[in-house]
Structures are given as C-alpha cells and as structure tokens.
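Novice: One structure, as structure tokens, below. Some questions next.
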Amino acid sequence: QKEVEQDPGPLSVPEGAIVSLNCTYSNSAFQYFMWYRQYSRKGPELLMYTYSSGNKEDGRFTAQVDKSSKYISLFIRDSQPSDSATYLCAMSAKREEGGSTLGRLYFGRGTQLTVWP
Amino acid sequence: GAGVSQSPRYKVAKRGQDVALRCDPISGHVSLFWYQQALGQGPEFLTYFQNEAQLDKSGLPSDRFFAERPEGSVSTLKIQRTQQEDSAVYLCASSLAHVSTVNNQPQHFGDGTRLSIL
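First to last, the protein sequences are chains A and B. Note that the working numbering numbers the first sequence so that position 37 is 38, with each residue one more than the last. Note that the working numbering numbers the second sequence so that position 99 is 126, with each residue one more than the last.
Set out below in structure tokens:
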C-alpha cells in the first residue's frame with residue numbers, strides 16, 4: 002500500500018460545478034500538505050500549501066486538512082474549462098533529527114479532471 | 028529565467044545507451060530535487076541536493092543512476108546502460124529553503140524531460 006492514496010478518476014464535470022478532490026495517507030508524521038496542478042506535458046504547478054490541520058482558501062480554491070482522519074481535500078468552486086488538468090496531492094514530514102526525510106515530497110497518483118463547457 | 032528549466036524536453040535512446048538530463052534551477056534556490064514520474068503515476072523522489080552537497084540519494088533506483096551538482100547551481104542526472112523500465116518523465120524541482128527549513132518550503136517544478144528507451 003502506498004503512503005498516499007488518491008483516486009485517479011477520471012472526473013468529468015460541467016462548467017460552474019463544485020469539484021471535490023481528496024487524498025488519504027498513512028504516515029502520521031506528515032505535516033505539510035500541498036496540491037499541485039499538472040497540465041499535459043507540463044510540470045506540476047503549486048496551487049495550495051498548508052501546514053497541519055485546518056482550512057486555507059485562495060480564490061476559487063479551498064484546501065482542507067484533517068489530520069485525525071489522515072484525509073485532505075481540495076475544493077474548486079465555479080469550475081472552468083481551464084481547470085481541466087491532473088491534480089496531485091503531495092505531502093512531507095517534519096525533518097527528523099539526522100533522518101533522511103529532507104524535503105522529500107510524497108505524491109498521490111493524481112486525479113484527472115475535465116470541465117466541459 | 029523565471030522558472031526551473033530542463034533540457035532536453037524529449038530524449039529517445041536505445042537500450043544500453045547512457046543519457047544525461049540537465050536541470051537549471053531558479054536563480055538563488057539552494058535546494059534541488061529530482062523526481063521520476065511514470066505514466067499515470069505521481070512523481071517519485073530520486074535525490075536531493077543542498078547547494079553542491081547530495082544529502083539524500085535514497086530514491087535512486089539502482090547504481091546506474093547518478094546525479095551531480097558540482098557548482099551548486101545546474102544539476103545533471105545521468106543514467107547508464109538504460110533499460111526500458113527507465114522510460115518516464117524526469118522532473119527537477121528547486122526551493123529557496125536551506126536544509127533547516129527544506130521540509131516546510133514549497134518546491135517549484137520544471138516541465139521535465141520525457142525519456143523513452145527503445
């Protein structure tokens with residue numbers, strides 16, 4: 002079992018819909034949580050970055066982290082065709098003293114989203 | 028440039044050949060990471076540099092993979108005696124963070140090198 006699980010979809014919604022994407026994880030040491038957007042043949046682009054539990058909002062995007070359930074979500078409001086991409090969750094642990102977790106990101110496999118006009 | 032630059036964008040090689048992939052991080056970024064992304068999967072960590080020091084190479088899949096960053100800026104990922112299973116997109120990311128804060132600073136990715144081994 003991978004440390005980060007993410008449903009690959011595909012997910013197809015009409016323009017204007019609210020999109021919910023989520024990931025679960027098994028490592029309780031994860032403290033930093035990210036969502037990246039990846040267009041075809043492009044690199045991942047950072048969308049949201051949160052620390053520990055709670056909510057963070059940025060425009061049409063809201064990220065939620067529930068550490069007690071080891072569950073993170075990304076909501077997209079008023080979705081647009083330009084939001085069509087693969088969405089990757091990623092997370093990292095706090096640095097352990099002398100450990101080898103320096104900056105390493107653990108990714109889900111990505112959810113492919115299509116927003117149709 | 029403004030972002031992480033990787034070259035070449037596409038590389039086709041025959042099985043058994045050696046390849047070298049280049050990464051130019053964002054200017055001033057001291058942390059540099061390499062990831063491997065197989066088709067339909069998320070990126071998998073390969074190795075991490077702080078300036079010229081390779082602090083973590085635990086993700087390199089075999090001793091055929093070698094990475095360097097001799098002057099603390101440009102990095103090269105080299106794969107010797109390539110195999111078909113090496114076919115993937117190789118992503119480079121950089122971060123402004125020093126080692127003490129590298130776990131809590133965002134990483135910025137290049138567009139990757141798509142490697143195909145025939």
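In this text, a Cβ means the ideal position worked out from N, Cα and C, and glycines have one as well.
Contact criterion: CB-CB distance below 8 Å. Does Gln-63 (chain B) meet it with respect to chain A?
Specialist: no
Novice: What would DSSP say about Asp-84 (chain A), mapped onto helix, strand or coil?
Specialist: helix
Novice: List, in chain order, every chain A residue whose beta-carbon is nearer than 7 Å to that of Ser-58 (chain B).
Specialist: Gly-104
Novice: Relative to chain B, which residues along the stretch 31 to 43 of chain A have a C-beta separation below 9 Å, given in chain order?
Specialist: Gln-32, Tyr-33, Met-35, Tyr-37, Gln-39, Arg-42, Lys-43
Novice: If we call anything under 8 Å between Cβ atoms a contact, is Leu-123 (chain B) one with Gly-139 (chain B)?
Specialist: no
Novice: If we count the other Cβ atoms within 10 Å of its Cβ and call it buried at 16 or more, is Ile-77 (chain A) buried or exposed?
Specialist: For Ile-77 (chain A), the number of other beta carbons within 10 angstroms of its own is at least 16, and it is reported as buried.
Novice: Report yes or no: is there a C-beta of chain A within less than 8 Å of the C-beta of Leu-118 (chain B)?
Specialist: yes
Novice: Measure the CB-CB distance between Ala-120 (chain B) and Gln-134 (chain B) and report whether it falls below 8 Å.
Specialist: yes
Novice: What residue does the beta strand (DSSP E) around Ile-19 (chain A) start on, and which one ends it?
Specialist: Careful: Ile-19 (chain A) lies outside any beta strand (DSSP E) and carries neither H nor E.
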